[in-house]
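Enquirer: Take this structure first; my questions come after.
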Amino acid sequence: MCALYGVTRGGFYAWLRRQPSERSQRDAQLVEQVRQVHERSRGYYGSPRVTGQLRRDGLAVGRRRVARLMRLAGLQGRSARLYRRSKVGQRAFFASVPRLQLSEPSGPNQLWVGDVTYSNAAYSTPRSLWNTSPGCGLRLRAAWRSAARVSAASRRWLRLQPAIRLE
């Protein structure tokens, strides 16, 4: 086997008896400290934060060395969970839709179907557009350009109160 790798038998046995190098001994100690910092962060810290914590603890280490040791030890920082929008309101809305008793309206203000669109006031004039389906007995389209008109229209909206049956 020594001939296959091109080394002498004496060199092979000397390599077997050789003590670990000073650097590998320091790396072994450092890996334990890196592991402790990583566990204290519940696995969230990657090499930059682990390096920062070790430096605050008084060790002079570089980020790349910590990254190499973390890679060899199988440690990896977890990223924070992404924000996911709650589906609770959507579920409540879609659960109530089949309960609506949709029938042919016999007159105005009995069934309204609407859509609300809003433009940001910082870039344009705020306005709300209420569109009801023409098949529901009423078609209302109002574009409000000032707060006074918006509040007057919303008071008018509350006065009409369409009759929708929920079971």
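Going letter by letter, the sequence shown gives residues 196 to 362 in the numbering used here.
Just so it is clear, CB atoms sit at the ideal spot from N, CA and C, and this is done for glycine as well.
Only a predicted model underlies this, so the values are computations on that prediction, with no experimental measurement involved.
1) Give me the residue from V202, R218, M196 and M265 with the minimum Cα distance to E234.
2) Quick one: residues in its chain with C-beta nearer than 6 Å to the C-beta of G241, no 5 flanking neighbours on either side, listed in chain order?
3) Can the beta-carbon of L225 be found less than 9 Å from the beta-carbon of V261?
4) When DSSP labels each residue in this structure, what does R237 get in the three-state scheme?
5) Taking DSSP as the reference, what is the three-state secondary structure of M265?
6) For the alpha helix (DSSP H) that contains V245, what are its first and last residues?
7) Could you tell me whether the Cβ atoms of R230 and S236 are closer together than 9 Å?
8) Would you identify the three-state DSSP class for V202, choosing helix, strand or coil?
9) I think T246 touches R263, with their Cβ atoms under 8 Å apart; what is that distance to the nearest whole Å?
10) Beta carbon of V256, beta carbon of L249: below 9 Å?
11) Please identify the residue among Y239, D252, L254 and A223 whose C-alpha is closest to the C-alpha of S274.
Expert: On the basis of the coordinates in this document:
1) M265
2) G272
3) yes
4) coil
5) helix
6) S242 to R251
7) no
8) coil
9) The Cβ separation is near 11 Å, so there is no contact.
10) yes
11) Y239
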